[in-house]
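Trainee: The sequence shown stops at residue 692 when you use our numbering, and every number in between is there.
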Amino acid sequence: MPHPAAPRRLSRPLFALASICLLAVGAVAAAEPGAAQRAAFKQAYAAAQQGGDGWRNVARGLTDYPLYPYLEAAALTHDLRQLDRAPVDAYLKRYPDLIPANDLRRDYLLELARRKDWGNFLSLYQPGMGDALSCYALQAQLANGGTLNFDRDLSTLWNKPNLPNACDPVLSTAHDQGLLTGPRVWARIDRAADAGQGGTIAALAGWLPADEVQAGQRLAMALRDPGGAVVAANSWPDTPRHRQAAMLALERLARRQSAVADTAWQKLQNRFSLTPEQHGRILNALAVFHATDFDADALQRLTALPAAAQNDASREWRVRVALSQQDWKAVLAAIDAMPATQQQDGEWRWFRARALTALDRDAEARKLLAPLALEPTYFGFLAADRLDAPYGICPLTLTTDSQREQALLANRSLQRAFELYAVDLPKPARREWTQALDGADQATLKQAVDLAYRRGWYDRAVFTFNNGDALRYYEQRFPLASQDGVVPQARESGIDPSWAYAILRAESAWMSDARSGADARGLMQLLPSTAVLVAKRNGLDWSGGDSLYDPVVNIKLGTRYLGQMAERFNGAPWLASAAYNAGPGRVDQWLAARGSLAPDLFVASMPFKETREYVARVMAFAVIYDWRLNGKATPLAERMPAIDQAYRLPDGQTPRRVAACPVTPAPAAPADTSSVAAPVAANPGAATDAAR
């Protein structure tokens, strides 16, 4: 049965077990700071971030507070442009091992580099502080009359596809000294080409020998303007570098416009003496991206691909296209063509069973479904529904080790981590956590996670319990943080609370400060532009994008937006989840093309890998959260009604499936088919062609 969750408010290596026990005997954990101290710290920290010494008056009485060193560091960081070395040195001497000291050293080094105060820079610099500071250190070396040695100074940097602007003067000097030979420049260009870095190639091309510059520029063009490149390629010479550029341009163009790439390939394939590998890469790209567009001849193209041109992506798209056509014999043939390891993925075991059932081979299908139904995954839950079997959810319960707990509570870095979280500074809290637990054994990590969980710091379990049997700590990995309003707000929005929890868990992994590259924010990863419209539509207060970091605000707006998506798609949470990730417009397009498919086939045919995996993850999480909330779970099949059927919210009369602990061991990768290691940048319109 599920366990009630704790209420939610919202670096030194740890010793081995023997050391923990010794410390536990000889140390007493510091008393938990009170609300008054935390309030005083917040006030002092706000003052310190304005610079000067005014914060000291506010911070009287906080000198023994674990976060006191953060105050002075914040003030010094604000005043960097006016600082001389003395206050920085004094702080580094007092707190040599603290994270804010390392940050202050880094920031002051950047300021010294801006001043070109290379003498002080070199005396303060320590290796291993990042590529920018490494390059500034080389600039300092050159300013002091030094010279560069490629193997000593540049080889590591040169092997990276991207470098900061601080490296530009160093690389220019290296070029002038003759260190950047043609082969070295080409090696870096090749790495940039593999990474799709057209801008890097364009910048490097000027350092090539004069008779090779044009070839480098054309490689850059292939990545930056593939359409223009395939047209220009009709007049390119048939040299190795121009063959490489033509191949890259055709691959990139196929991703964007498969039909246009096809036409260009017909013109270019006899012009260049491509290697078998290059020829295969082009054929693969054309076949795969015709498949993601579900063109009429996609299955034929994929089936006809030479063995050397195939890869996991082409083989799985062969299955997906066959599924979209409901050509069950072709589905089996495509799965049979996969390597054995790929066939063992839960998705292909499920669809093999689906194909066998459609071909009236029920006994074979059930034999495949039985072990799959033991797995607490999207496909495992579908298999259990097909067999009318219990869900294979087999929880473990964390036990408390008092000695280990006391040792952890006495660890100053972990104390700072917990306090930073308590005063709403989760980013530095995570850094202190990492430093405190560097090198810790599994038993210690479990105890630390339990301490964090009891304090309402839920994302620690998500990131720590991400493999093996640790995945079975369902209480910690799927917390029920009720007072932030998930259940009442979901009901107010007309959606199932377990689905709202699942979206939140998939989006942010319970990191309230999560922010995506697209600027989606908070627990449910809402874009400010979306949130303001949702607030207006529902008559809710709106106080700007930063308010989305408030869990209460975020959940209120996020559940309303989920309600809008559900309303648009006949209530179906699986389609609304796809729309939440890829945008409702794209889902409309897919429905127009393949709206007659069964839900599992439709999900499998979504062109974007990110969205396919997102929907599967959210639907599995919804089952687990339903079990956590109710002790039983609404069948996944009920959550995925046919596209033309209305979805009915679960209620007290809805049959729910029990969970049972399987006799066989839990699988290696349950529930989180891609265990969340970072917030998913999943927002309306966020999924792109690159995710295919």
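Beta carbons: idealized from backbone N, C-alpha and C, even for Gly.
1) Please tell me whether Ala436 and Asn466 are closer than 7 Å, where the distance is taken between their beta carbons.
2) Hey, Ile495 and Ala566 are a contact pair by Cβ (cut 8 Å); roughly how many whole angstroms apart?
3) Let me check understanding here. Comparing Cα to Cα, which of Ala287, Thr275, Pro641 and Ala246 lies closest to Lys267?
4) Which runs of the alpha helix (DSSP H) spanning at least 4 residues fall entirely within the stretch 562-608, listed in chain order?
5) Considering only the alpha carbon of each residue, which of Leu425, Ile555 and Pro479 lies closest to Val449?
6) Work out the CA separation of Gly392 and Ala333 for me, nearest whole Å.
7) Where in the stretch 434-459 do unbroken runs of the alpha helix (DSSP H), each at least 4 residues long, occur, reported from the N-terminal end onward?
8) Apart from the five residues on each side of it in sequence, which residues of its chain come closer than 6 Å, Cβ to Cβ, to Asn570?
9) Quick check on DSSP: helix, strand or coil for Tyr95?
10) Count the other C-beta atoms from every protein chain shown that fall within 10 angstroms of the C-beta of Gln82, then say buried if there are 16 or more, exposed otherwise.
11) Is DSSP giving Arg521 helix, strand or coil here?
12) Tell me the start and end of each unbroken alpha helix (DSSP H) in the stretch 176-221 that is at least 4 residues and wholly inside, in chain order.
13) Find the nearest neighbour of Glu347 within the set Leu71, Val603 and Tyr580, judged by alpha-carbon distance.
14) How many whole angstroms separate the CB atoms of Thr239 and Ala215, which I take to be in contact at a CB cut-off of 8 Å?
15) CB Leu122 to CB Leu104, shorter than 7 Å?
16) Measuring only the C-alpha atoms, how far is Pro276 from Met606?
17) Suppose you measure from the CA of Gln107 to the CA of Arg191; what does that come to, to the nearest Å?
18) Look at Asp337 and Ala330 and say whether their C-beta atoms are less than 7 Å apart.
19) Restricting to runs no shorter than 3 residues, where is the beta strand (DSSP E) found entirely within the stretch 275-360?
20) Could you tell me whether the stretch 496-504 touches the stretch 621-628, using the rule of 3 or more Cβ pairs below 8 Å?
21) Three or more C-beta pairs closer than 8 Å, one from the stretch 57-64 and one from the stretch 27-46: is that the case here?
22) Check whether the stretch 635-646 touches the stretch 570-579, taking contact to mean three or more Cβ pairs, one atom from each stretch, closer than 8 Å.
23) Tell me the DSSP bridge mates of Leu526?
24) To which residues of the same chain is Tyr458 closer than 6 Å at the C-beta, ignoring the five residues directly before and after it?
25) For Arg657, name the three-state secondary structure that DSSP assigns.
26) Just to check my reading of the structure: Ser273 and Arg243 have Cβ atoms closer than 8 Å, yes? What is that Cβ distance to the nearest angstrom?
27) From what residue to what residue does the alpha helix (DSSP H) around Asn149 run?
28) Give me the Cβ distance between Leu208 and Gly182, rounded to the nearest whole Å; I'm assuming they're in contact under 8 Å.
29) For Tyr391, list the residues DSSP reports as bridge partners.
30) According to the Cβ coordinates, are Leu636 and Leu369 closer than 7 Å?
31) Is the Cβ-Cβ distance between Ala309 and Asn284 less than 7 Å?
32) Note the first and the last residue of the continuous alpha helix (DSSP H) segment covering Ala46.
33) Starting from Lys367, trace the alpha helix (DSSP H) both ways and give me its first and last residue.
34) For Ala73, I'd like the list of residues in its chain whose CB is within less than 6 Å of its CB, leaving aside the five on either flank, ordered along the chain.
35) Compute the beta-carbon to beta-carbon distance between Asp401 and Gln447, rounded to the nearest angstrom, for a pair I have assumed lies under 8 Å.
36) Kindly list the residues whose CB is nearer than 6 Å to the CB of Val658, restricted to its own chain and excluding five residues on each side of it in sequence; keep chain order.
Mentor: Checking against the coordinates, here is how it stands:
1) no
2) 6 Å
3) Ala246
4) 573-582, 584-594 and 599-604
5) Pro479
6) 30 Å
7) 442-454
8) Ala646
9) coil
10) exposed
11) strand
12) 182-194 and 198-205
13) Val603
14) 7 Å
15) no
16) 31 Å
17) Position check: residue 107 holds Asp in this sequence, whereas Gln was assumed. Roughly 30 Å separates the two Cα atoms.
18) The residue asked about is misnamed: residue 337 is Ala in this sequence, not Asp. Going by C-beta atoms, Ala337 is not nearer than 7 Å to Ala330.
19) none
20) yes
21) yes
22) yes
23) Arg521
24) Pro479 and Trp510
25) strand
26) 7 Å
27) Note, Asn149: premise wrong, no alpha helix (DSSP H); not H, not E.
28) 6 Å
29) Ala659
30) no
31) yes
32) Ala35 to Ala48
33) Asp362 to Leu372
34) Pro100 and Leu104
35) 6 Å
36) Pro390 and Lys632
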